[in-house]
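Reviewing the structure listed below.
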Amino acid sequence: MFITLSDPMRRDIETTLRSKVGESRVVNVFGVAEEVQLRFIDDNVALEDIAAIVAHLASKSGCALELDSRELS
């Protein structure tokens, strides 16, 4: 399934990821997704859809992905 996000949301994900990668090469996928989702709450995008984009972009950057197990249960 193809996920389409607004341009501002996608830019925010990219900016947030750059900031997180500057701190650590391990990205908490759901943590970043939750931050973005809260800033764009009116867009009504599922956390899992944002997390999929975060994971994809982070992995392309060579980062390790951390998945918070409480989000997956």
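Counting in our numbering, the sequence shown tops out at residue 290, every number present. For each residue, glycine too, the CB sits at the ideal point set by N, CA and C.
Query raised in the report: Is the distance from the Cβ of residue 249 to the Cβ of residue 280 below 8 Å?
Result: By 1-based counting over the sequence shown, the position of residue 249 is 32. By 1-based counting over the sequence shown, the position of residue 280 is 63. The answer is no: Cβ separation not under 8 Å.
Query raised in the report: If we call anything under 8 Å between Cβ atoms a contact, is residue 220 one with residue 275?
Result: Within the sequence shown, the letter at position 3 stands for residue 220. Within the sequence shown, the letter at position 58 stands for residue 275. Result no, Cβ atoms of residue 220 and residue 275 do not sit closer than 8 Å.
Query raised in the report: Do residue 253 and residue 283 have their C-beta atoms within less than 8 Å of each other?
Result: Taking the first residue of the sequence shown as position 1, residue 253 is located at position 36. Taking the first residue of the sequence shown as position 1, residue 283 is located at position 66. No, the pair does not count as a contact, with Cβ atoms beyond the cut-off.
Requested in this report: Can you say whether residue 232 is buried or exposed, counting buried as having 16 or more other CB atoms within 10 angstroms of its CB?
Outcome: Counting from 1 along the sequence shown, the entry for residue 232 is found at position 15. Exposed, by the Cβ-count rule.
Query raised in the report: Per DSSP, what kind of secondary structure is residue 244 in: helix, strand or coil?
Result: For this step, residue 244 is matched to residue 27 along the sequence shown. Strand, per DSSP.
Query raised in the report: Between the Cα of residue 222 and the Cα atoms of 278, 277, 285, 265, which residue gives the shortest distance?
Result: Within the sequence shown, the letter at position 5 stands for residue 222. The candidate whose alpha carbon is nearest that of residue 222 is 265.
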